[in-house]
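Data block below; observations after.
Numbering (this note's numbering), first residue to last: 106 to 302.
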């Protein structure tokens, strides 16, 4: 099923040469978009005056780094070959890499950012979810990953983001609330009085 789905997407890539440059560009540079979304989440949390949201914004960034750290041992343990090293007669738009394929680092990052931002702001979270799914698709489209690689990455990133928030929510919210009463307040919350939620 995994290989069959990859072949269907690769056939679509062969039939859509006009998408090659946009897909390669998005796959390569969308990490900048996700960084911008994290900053937007931080800004939205600050303006809300809600220290819980500010704590969630901090957690979103931290959980993304944690998800990538968790992903690395899995990548090395599974050591799945990239599609272009095992399949023939496929269109390869990706820059070839000796790295293993499962789970996808980029999808892991995207999944963590998307779920982390859903906790901070539903609107930003939905934008991030769409961006994450699009990133996952483009990495398969350019033949850098199998569909299972990116699906596992999205799932792993999302799970790490949720578990991290559940683990740190109360203590981190208290810390942010305490810091909001110091000179660091403008960095943490800017609207009204800090509100615990």
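Note that beta-carbon positions come from the ideal geometry of N, C-alpha and C, so glycine has one too. Keep in mind that this is a model prediction, so the values were computed, not measured.
Check: Does the pairing of the region 178-195 with the region 215-233 give three or more beta-carbon distances under 8 Å?
Finding: These segments do not touch.
>> Let me check understanding here. Comparing Cα to Cα, which of 164, 109, 149 lies closest to residue 275?
In response: As a first step, residue 275 must be located in the chain shown, where it is residue number 170. The closest CA to that of residue 275, considering only 164, 109, 149, is found on 164.
So, for residue 225: in the same chain, excluding its five sequence neighbours on each side, which residues have a beta-carbon less than 7 Å away from its beta-carbon? As a working mapping, residue 225 is identified with position 120 in the chain shown. Contacts found: 146, 149, 150, 158, 161, 162, 165.
* Given residue 255 as reference, the closest of 215, 271, 279, 264 once Cα atoms are compared -> Taking the first residue of the chain shown as 1, we reach residue 255 at position 150. The option with the nearest alpha carbon to residue 255 is 215.
According to the Cβ coordinates, are residue 241 and residue 197 closer than 7 Å?
-> Translated into positions along the chain shown, residue 241 becomes position 136. Translated into positions along the chain shown, residue 197 becomes position 92. Their beta carbons are not under 7 Å apart, which means residue 241 does not touch residue 197 by this criterion.
To the nearest angstrom, how far is it from the Cα of residue 210 to the Cα of residue 278?
Translated into the one-based positions of the chain shown, residue 210 becomes position 105. Translated into the one-based positions of the chain shown, residue 278 becomes position 173. So the two alpha carbons sit approximately 29 Å from each other.
Exercise. Report buried or exposed for residue 207, applying the criterion of at least 16 other Cβ atoms within 10 angstroms of its Cβ.
Key: Residue numbering aside, residue 207 sits at position 102 when the chain shown is read from its first letter. Per the 10 Å Cβ criterion, buried.
*Spatially closest choice to residue 175 from 119, 227, 250, 261, by CA coordinates*: Reading the chain shown from its first residue, position 70 is the one you call residue 175. Checked all of 119, 227, 250, 261; the closest Cα to residue 175 is 261.
Quick one: complete alpha helix (DSSP H) runs, 4+ long, within the region 215-296?
Those alpha helix (DSSP H) runs which fall completely within the region 215-296 and span 4+ residues are 227-246, 252-284, 290-293.
ask   = Around the C-beta of residue 155, are 16 or more other C-beta atoms found within 10 angstroms, so that it is buried, or is it exposed?
value = Taking the first residue of the chain shown as position 1, residue 155 is located at position 50. Taking every protein chain shown into account, the CB of residue 155 has 16 or more other CB atoms within 10 angstroms, so this residue is buried.
Query - Opening and closing residue of the alpha helix (DSSP H) in which residue 137 lies - result: On the chain shown, residue 137 is found 32 positions in, with the first residue counted as 1. Residue 137 -> alpha helix (DSSP H) spans 125-153.
Spatial distance of residue 132 from residue 227 (CA atoms)
Locating residue 132 in the chain shown gives position 27, counting from the first residue. Locating residue 227 in the chain shown gives position 122, counting from the first residue. In a straight line, the C-alpha of residue 132 is about 24 Å away from that of residue 227.
task = Taking residue 142 and residue 229 to be in contact with their CB atoms under 8 Å, please state how far apart those CB atoms are, rounded to whole angstroms.
result = The residue given as residue 142 occupies position 37 in the chain shown. The residue given as residue 229 occupies position 124 in the chain shown. Rounded, the Cβ-Cβ distance is 6 Å, consistent with contact.
(request) Output the distance between the C-alpha atoms of residue 233 and residue 200, rounded to the nearest integer angstrom. (result) If you number the chain shown from 1, residue 233 lands on position 128. If you number the chain shown from 1, residue 200 lands on position 95. One C-alpha to the other measures close to 25 Å.
query: residue 195: which of 250, 236, 203 sits nearest, CA to CA?
result: The count along the chain shown starts at 1 and reaches residue 195 at position 90. Ranking the options by Cα distance to residue 195, first place goes to 250.
Query raised in the report: Going by the CB atoms, is the gap between residue 246 and residue 135 shorter than 7 Å?
Result: The count along the chain shown starts at 1 and reaches residue 135 at position 30. The count along the chain shown starts at 1 and reaches residue 246 at position 141. It is not a contact, given that the beta carbons lie outside the stated cut-off.
Worksheet entry | Burial state of residue 180 (16 or more Cβ within 10 Å) | Taking the first residue of the chain shown as 1, we reach residue 180 at position 75. Buried, since its Cβ has 16 or more Cβ neighbours within 10 Å.
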